[in-house]
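Read in order, the letters of the sequence shown correspond to residues 1 to 274 in full-length UniProt numbering.
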Amino acid sequence: MAALANEPAKLLSNEPVGPRLFLMELESPYIARTILPGQFVHMRVNQMADHILRRPFSVYRTDPGEGRVVILYQVVGYGTDYLTGLSPEADPAIELVGPVGRPWGARTGGERADAGRVLLVAGGVGAAPLYLLAQQLVERGAKVDMVMGAQTRSALVTLSDYRERLGIGVECATDDGTYGERGFCTGLASRRLDGGCASDGAPYDLVCCCGPEPLMRIVSDMAAEVGVACQVSMERRMACGVGACLSCVVDTAAGKRRACVDGPVFDADEVVWR
Numbered sequence: 001m002a003a004l005a006n007e008p009a010k011l012l013s014n015e016p017v018g019p020r021l022f023l024m025e026l027e028s029p030y031i032a033r034t035i036l037p038g039q040f041v042h043m044r045v046n047q048m049a050d051h052i053l054r055r056p057f058s059v060y061r062t063d064p065g066e067g068r069v070v071i072l073y074q075v076v077g078y079g080t081d082y083l084t085g086l087s088p089e090a091d092p093a094i095e096l097v098g099p100v101g102r103p104w105g106a107r108t109g110g111e112r113a114d115a116g117r118v119l120l121v122a123g124g125v126g127a128a129p130l131y132l133l134a135q136q137l138v139e140r141g142a143k144v145d146m147v148m149g150a151q152t153r154s155a156l157v158t159l160s161d162y163r164e165r166l167g168i169g170v171e172c173a174t175d176d177g178t179y180g181e182r183g184f185c186t187g188l189a190s191r192r193l194d195g196g197c198a199s200d201g202a203p204y205d206l207v208c209c210c211g212p213e214p215l216m217r218i219v220s221d222m223a224a225e226v227g228v229a230c231q232v233s234m235e236r237r238m239a240c241g242v243g244a245c246l247s248c249v250v251d252t253a254a255g256k257r258r259a260c261v262d263g264p265v266f267d268a269d270e271v272v273w274r
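Here it is in structure tokens:
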């Protein structure tokens, strides 16, 4: 994996794309060229004098040729609300530390990155950290199916990218029934896994899930019941991002592990779910 770097990043755009959802595009050549699916960046905006700690953000898309990184973020507090007011015209001083963390497939020596038939399960903004993985899988010819859940249709902001850019078949569920099946995407995942087969008729050999922790726990249990390997991306608040502060620990069968440097991707069967 590439060495960790602190890279000044130029803000190129920062636009609302859904309910409390924003898409931020940054010029960050080193990170765009080196980041692997599942890794993340740690961001600091120097103008936020009362908010000195960096914050972790998943990388949604990259353009290595143009040196661009795209982040999909949800407004959840003061820091992310502050980000919504940034504009390229104001030329904010943004620093990214990255690439941080272990990517999908890394924890088992990489063999799961070679999976041929993969089911992706995404809840809410959990769809963002799965995009680079889906792109990688499609590029090497893997069969990829996806189920995606959101509160409402307008929150399915990544759906067109998965379908149109990658050509992936995506089934959706929304809490209010405005698109796809009414309810949670766990129902869709359960039917996929109960059948034990990908849409091409062959068994899945890997499930990758990102979203709220209850969703990941349920999907982990379902995958275990049918004997399919599962990986999850554990999102935690992180103060340092380099494994020193222990603010992001995850309980695992091997003890407490740090999501920033030991994850964020873990094999689901090693996580001790709360």
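Yeah, the Cβ is synthetic: ideal placement off N, Cα and C, and Gly gets one too.
- Message: Could you give the first and the last residue of the continuous alpha helix (DSSP H) run that contains V144?
- Response: First-last for V144: K143 to A150, but that is the beta strand (DSSP E), not the alpha helix (DSSP H).
- Nearest to C260 by alpha carbon, out of E235, M146 and Y131? E235
- Taking DSSP as the reference, what is the three-state secondary structure of residue 275? It is not possible to answer for residue 275, since the shown part of the chain is limited to 1 through 274.
- Query: What are the residues that DSSP puts in a beta bridge with G169?
  - Reply: D145
- Do you know how far the Cα of P214 is from the Cα of R153? 21 Å
- Message: Quick check on Q47: buried or exposed, where buried means 16 or more other Cβ atoms within 10 Å of its Cβ?
- Response: exposed
- Give the single residue among G149, T174, G101 and R257 whose Cα lies nearest to the Cα of L4. G101
- Item | Neighbourhood of A155 by C-beta, 6 Å cutoff - its chain only, sequence neighbours within 5 removed | G18 and P19
- Would you be able to state if there are at least three C-beta pairs under 8 Å between the stretch 176-188 and the stretch 131-144? no
- Message: Rounded to the nearest angstrom, what separates E111 and D205 at their Cα positions?
- Response: Only weak support exists for where E111 lies, its pLDDT of 47 falling under 50; the value from the coordinates is given anyway. Answer to the nearest angstrom: the Cα atoms are 11 Å apart.
- Task: Inspect the CB distances between the stretch 86-96 and the stretch 132-140 and report whether three or more fall short of 8 Å.
- Result: no
- Message: From the DSSP secondary-structure annotation, give me the bridge partner or partners of T34.
- Response: Bridge partners of T34: none, in fact.
- Query: How many Å lie between S87 and V69 at the Cα?
  - Reply: 16 Å
- Item | Own chain residues within Cβ distance below 6 Å of A115, not counting five before or after | D205 and L206
- Compare the beta carbon distance of L72 and V121 with 8 Å and say whether it is the shorter of the two. no
- Task: Look at the alpha carbon of L166 and the alpha carbon of G211, and state the distance between them as a whole number of angstroms.
- Result: 21 Å
- Message: Would A2 and P64 be called neighbours here (beta carbons separated by less than 8 Å)?
- Response: no
- Message: Does Y73 come out as helix, strand or coil in the three-state DSSP assignment?
- Response: strand
- Task: List the whole-angstrom C-beta distance separating A128 from Y60, where the pair is believed to meet the contact cut-off of C-beta under 8 Å.
- Result: 4 Å
- Task: Taking all protein chains shown into account, decide if Y162 is buried (16 or more other Cβ within 10 angstroms of its Cβ) or exposed.
- Result: buried
- Query: Which residue or residues does DSSP assign as beta-bridge partners of C210?
  - Reply: A122
- Message: Using a Cβ-Cβ cutoff of less than 6 Å, which residues in the same chain neighbour G109 once the five nearest sequence positions on both sides are dropped?
- Response: Bear in mind that the predicted position of G109 carries a pLDDT of just 46, short of 50, making it too unreliable to give a figure here.
- Query: By Cβ distance, which residues of its chain are closer than 7 Å to A32, with the 5 residues on each side in sequence left out?
  - Reply: T62, D63, P64, G67, R68 and V69
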